[in-house]
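Q: One structure is given below, represented as structure tokens, and several questions about it will come after.
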Amino acid sequence: MSTDATNADDDLKERVTNFLRRNFPQIQMHGGSAAIQHLDREAGEVTIMLGGACSGCGISPMTIQAIKSRMVKEIPEIETVNAETGMTGDGGHGGGGMSPSFPGESSGDDGGDGDEGPQAPF
162 MSTDATNADD
172 DLKERVTNFL
182 RRNFPQIQMH
192 GGSAAIQHLD
202 REAGEVTIML
212 GGACSGCGIS
222 PMTIQAIKSR
232 MVKEIPEIET
242 VNAETGMTGD
252 GGHGGGGMSP
262 SFPGESSGDD
272 GGDGDEGPQA
282 PF
């Protein structure tokens, strides 16, 4: 991978992390955390793992929806946002390979038709 591609990947990862910090500090205050699990700049796809208090939280689906719809609007390179809470039971995704991150990052799925869905309580 060229230096330019590496710099672009680092820049995109930083912008995704900053988006999460800026938009969802309440997740951290409530004991939740998130990590960027996978970021594919060429495909325009990011996968985020919600953890801590987010795992099993009843409002994590609203948090995920909010992240999905807002991130694709704010970061044009991101077209698809996938999120997992660790409660999916699919064995194929989980703690392994997660990038270090700060508590308070959050995630979301496909933004769909622009409908932001229910408002998360933050």
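The opening residue of the sequence shown carries number 162 in my numbering; numbering runs sequentially from there.
We put the beta carbon where it would ideally sit given N, CA and C, even for glycine.
Could you spell out the range, first to last residue, of the alpha helix (DSSP H) harbouring threonine 178?
A: Element bounds for threonine 178: 164–184.
Q: Buried or exposed for asparagine 168, please, with buried defined as at least 16 other CB atoms from any protein chain shown within 10 angstroms of its CB.
A: Exposed, since its Cβ has fewer than 16 Cβ neighbours within 10 Å.
Q: Suppose the cutoff is 6 Å on Cβ atoms and the five residues either side in sequence are ignored; what does the same chain contact list for aspartate 172 look like?
A: Correct list: empty, nothing qualifies.
Q: To the nearest angstrom, how far is it from the Cα of valine 242 to the Cα of valine 207?
A: Cα to Cα, valine 242 sits roughly 5 Å from valine 207.
Q: Just reading off the alpha helix (DSSP H) that threonine 224 is part of, what are its end residues?
A: 221–235 is the span of the alpha helix (DSSP H), which, as asked, contains threonine 224.
Q: Run the CB neighbour count on methionine 190, radius 10 Å, all protein chains shown included, and call it buried at 16 or more, exposed below.
A: It counts as exposed.
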